[in-house]
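Protein chains in written order, with the working numbering: chain E, 1 to 539; chain B, 1001 to 1539. The block underneath contains the structure these notes are about, expressed in structure tokens.
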């Protein structure tokens, strides 16, 4: 068994050689010339031409990376087989609905009790507008999307240590922080504090900008007024006819606001990954991978637990057992292998590969922990009582956040919200509880923000990713300088094996990372295969 | 004919007297006690109890105000008839679809050429989350809503005088403005510029906040970095596998940004009326008024042009003619009248009312002009090429803005966008053109932002509200101190006549204004009627 040195061709040269510049890519280049587009890592649908006849690729895993590879490689003419441990495709792009069963390590078995039509995405749950790969698959597969709003002006920012534990509307914190910053900068400008740094003309322009942007009064103060209300909201809203006149709300003073720390959450509103537009598939995140799976159903074998991955100069041999019953291993053979098994699992499977890849696998094998809890309530009190339609409330409690559903807004009936999204130590604490306890804990903590929890709670489910038998965590860590040292070694083709998944991407935890990783890996694999075949022919 | 002095009962006393505190209102008060709700002007579904038998109310206009009044008064037991000039209900909450005809003053007649499934809202087009009245009607009538996003990080801010006329992504302007403000304030703090205003501890906290919020480096500078990229976006996005490494984008320098004036548009992102969550009905804005109209269809007479409004101590008499054919007037009589005719029109109709009301009508009769243009394109290039899904691009060109559709996002096919929303002088310029010329002008100007316009344009429609025979403008102006001097006189019941509509609200131009105005007017009218009847009984 050999460990071929990796070809050093650049991606650009590679693209040129195998002629993958598709129509979409040409269009994209034209757009870039017009100055429209950033250089996205996704350049349109992949086109793999000239696959040698009767070449087989074994794909391990039917999450996003495996599905994309199976779809594209089979379209390119390869003989493809997929082995998947679970009995569903899509991996962490999972959706739980009423009746679904979910089993964690430790024997924790849950049956989702949601009412019909309600669902919960315990893993991937949102798609940024610049994740062109997943959006393109959704488009080609005609999966309807809807808006997912991360930021909601009327949702809360909550600190158990500020404002007596009373949650503050996002718009209060945002407007008031901006107003106080503008007032302070204006004060400094008016005191000549920045005269060395600015011309007199620029100083005047900046003062005018601070007054306008910060909504300052004629004396450059940020104080209650209807102008400020038009940003942070009124105490009494303007009405009709002879209803009460509008009344101004009172800004939070700068010291209280600064000390509260709530302004830290404003960053979510200035985040490339979370800003508008974001999407979710109508009906649940699994709709997109499910649509892709439907295209390649016959290629996928569920319930296959990989126990050994072997290769030599001529091909790969992967042993697997029945994921539930175990028993004697079956061996699947192929010319090449794309392995999308998470590093947390792969690091525990005997693998015939060179030290660089194996060291890289180990380096990022301790996955980041996270736990999500989905809660069904008897009524959508967050909309009915508090006028929060979608978006996220952030808190310093161990639940980290509460996210409100986009579907079924403003209609009567029950609703499911994300009641906890715990990371790190908080996730371990949640994961140490059994699922019913986790749900109770999410309800107990969330009730500090929404007192209606106590009365309206219906049922809940929870997924502690550290207890998922197929991932042992949420995503690959790449902490510190690990990426610089090991990432390239992880991604290089090792003999006849390539790896793919969010772990082999620079977009950890995102579906787009798994998709781009897969597209890149199969492009290089295809190039290697074509090159090998051409070498044989010419040799 | 008399002009009764208006009763001076307060709204609170009135509510108490007629017992309108419904279940929803009680709930709302409980919420307020919990500190959840601002004091909204909408306190839940109205409940009008004790309507005297055989009491008739004539309603003029079947826009939002008229529909709400007809629905609620007929439910309360009143005999209701509605006269409407148009042959559709909903007024300015209008939707144009393929095949619809629209005729303006001057004989401009258009037939909408949109493909099936596409539509355009030339009037009302969005619903803020705090417009509780319209949201409650949508809920009770089970009209499905979807998210309407005003702000889109990836849409453009455009000035023909800055950046060589090249549009800038919203996220660039937002991140860079924030970064430069933070850097300047940090500089001032580090130079001791605000030492008199802050304690040393607060100064340190503020410096830390500026570094975090503004994404400044260790020397408090706002410069290109992956941290900044995580807010404004990358030059090359992070990818998968061995794709090109991410590259940082370059912030715009503070002077260029300040001089461009583009930061002025950031206010839309901090606007109580335009922040998340906003809504639109699936399929077009007219879906909600249409659902309300369906509840009261037999009460509404279309094509009725009111030519005279008379009243005496015993009732009202309204003369109307066929809106198309004219001819001899018909007289409709009733005990009371709710007139929702826009002041621009009402000021031209002989009306038996006291001077205060008549002066108020004249004072706000010159409506604000606006023109909207809807453009259908052969493909959704703003999504396919430029990754703009919904939201608004702002420009200093006479089109003011381009708004992208929320429906059908990320699916192949044609699309309709708002190609112009012109106000004031720009609106008059547009309105002076015939509809085909307006469409051509919107395409010509919009092409400065989207060069694809030229090739992809399909067809368009336009509504110049100043040329609408039923409104002669977009909404009532209430300029300067007009509201202080005349608003109450407009809203007071004059004898047997009350007025309602957005013009009789503190929410001009919004559907919610018309709805709250109507609810307030019919509440007072009902109280007056009950009080009169009780007076007669006791007298």
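Even for Gly, the Cβ is constructed at its ideal location relative to N, Cα and C.
Cβ-Cβ distance between residue i and residue j below 8 Å
i	j	result
residue 521 of chain E	residue 502 of chain E	no
residue 1404 of chain B	residue 1390 of chain B	yes
residue 1370 of chain B	residue 1428 of chain B	no
residue 90 of chain E	residue 229 of chain E	no
residue 1052 of chain B	residue 1533 of chain B	yes
residue 277 of chain E	residue 468 of chain E	no
residue 1093 of chain B	residue 1352 of chain B	no
residue 518 of chain E	residue 200 of chain E	no
residue 1254 of chain B	residue 1180 of chain B	yes
residue 494 of chain E	residue 354 of chain E	yes
residue 1378 of chain B	residue 1458 of chain B	yes
residue 281 of chain E	residue 136 of chain E	no
C-beta neighbour in chain B for residue i, strict 8 Å
i	result
residue 339 of chain E	no
residue 282 of chain E	no
residue 94 of chain E	no
residue 272 of chain E	yes
residue 26 of chain E	Its pLDDT being 37, under 50, residue 26 of chain E is placed unreliably by the model, and nothing is read from it.
residue 19 of chain E	Residue placement at residue 19 of chain E cannot be trusted, given a pLDDT of 29 that sits under 50; the coordinates are not used to answer.
residue 410 of chain E	yes
residue 87 of chain E	no
residue 526 of chain E	no
Beta carbon proximity, residue i to chain E, threshold 8 Å
i	result
residue 1357 of chain B	no
residue 1389 of chain B	yes
residue 1225 of chain B	no
residue 1153 of chain B	yes
residue 1190 of chain B	no
residue 1346 of chain B	no
residue 1462 of chain B	no
residue 1263 of chain B	yes
residue 1194 of chain B	yes
residue 1443 of chain B	no
residue 1517 of chain B	yes
residue 1509 of chain B	no
Residues near residue i in its chain [Cβ-Cβ closer than 8 Å; skip 5 each side]
i	result
residue 1177 of chain B	1257, 1263 and 1266
residue 1034 of chain B	Note that residue 1034 of chain B has pLDDT 40, beneath the 50 cutoff, so the model's placement of it is unreliable and the number below is only indicative. Closer than 8 Å at Cβ, skipping near neighbours: no residue.
residue 1296 of chain B	1067, 1070, 1071, 1074, 1080 and 1082
residue 529 of chain E	51, 52, 55, 335 and 336
residue 1141 of chain B	1288, 1291, 1292 and 1295
residue 1322 of chain B	1303, 1304 and 1305
Contacting residues, own chain, Cβ-Cβ under 7 Å from residue i (five flanking each side not counted)
i	result
residue 1008 of chain B	Because residue 1008 of chain B sits at a pLDDT of 33, beneath the cut-off of 50, its placement in the model cannot be relied upon, and the following sentence gives the value as read from the coordinates. Correct list: empty, nothing qualifies.
residue 1473 of chain B	1344, 1367, 1368, 1369, 1465 and 1466
residue 433 of chain E	441
residue 188 of chain E	194
Residues near residue i by beta carbon distance below 6 Å, same chain, minus five either side
i	result
residue 1380 of chain B	1415
residue 310 of chain E	317 and 352
residue 1165 of chain B	none
residue 1426 of chain B	1398
Inter-stretch contact at 8 Å, needing at least 3 Cβ pairs: the region 301 to 316 of chain E / the region 164 to 173 of chain E
No contact exists between the region 301 to 316 of chain E and the region 164 to 173 of chain E.
Using 8 Å as the Cβ pair cut-off and three pairs as the minimum, do the region 1503 to 1518 of chain B and the region 1393 to 1401 of chain B touch?
Too few Cβ pairs lie closer than 8 Å, so no.
Quick one: which unbroken alpha helix (DSSP H) runs of 4-plus residues sit fully inside the region 291 to 344 of chain E? Chain order, please.
Here no run is fully enclosed.
Which runs of the alpha helix (DSSP H) at least 4 residues long sit entirely within the region 117 to 148 of chain E? Give them in chain order.
If we require 4 residues or more, the alpha helix (DSSP H) runs fully inside the region 117 to 148 of chain E come out as 132 to 140.
Starting from the N-terminal side, write out each stretch of the beta strand (DSSP E) that is 3 residues or longer and does not extend beyond the region 481 to 506 of chain E.
Qualifying beta strand (DSSP E) stretches, in chain order: 497 to 499.
Contained alpha helix (DSSP H) runs [length at least 4] in the region 1051 to 1101 of chain B, N- to C-terminal order
Within the region 1051 to 1101 of chain B, the complete alpha helix (DSSP H) segments of 4 residues or longer fall at 1064 to 1075, listed in chain order.
Answer yes if the region 157 to 166 of chain E comes into contact with the region 229 to 243 of chain E, meaning at least three C-beta pairs across the two stretches below 8 Å, and no otherwise.
No, the region 229 to 243 of chain E is not in contact with the region 157 to 166 of chain E.
Suppose only complete runs of 4+ residues qualify. What are the alpha helix (DSSP H) ranges in the region 1343 to 1379 of chain B, listed by chain order?
Runs found: 1343 to 1346 and 1355 to 1363.
With a threshold of 8 Å, are at least 3 pairs of Cβ atoms found where one atom belongs to the region 1330 to 1350 of chain B and the other to the region 1053 to 1064 of chain B?
Because the criterion of three Cβ pairs below 8 Å is met, the region 1330 to 1350 of chain B and the region 1053 to 1064 of chain B touch.
Tell me whether the region 1102 to 1110 of chain B and the region 1349 to 1365 of chain B touch, counting them as touching only if at least three CB pairs, one residue from each stretch, are closer than 8 Å.
No, the region 1102 to 1110 of chain B does not touch the region 1349 to 1365 of chain B.
Counting only runs of 4+ residues fully inside the region 167 to 197 of chain E, write out the alpha helix (DSSP H) ranges in chain order.
Runs found: 170 to 190.
Three or more C-beta pairs closer than 8 Å, one from the region 1193 to 1209 of chain B and one from the region 1240 to 1249 of chain B: is that the case here?
No: fewer than three Cβ pairs fall under 8 Å.
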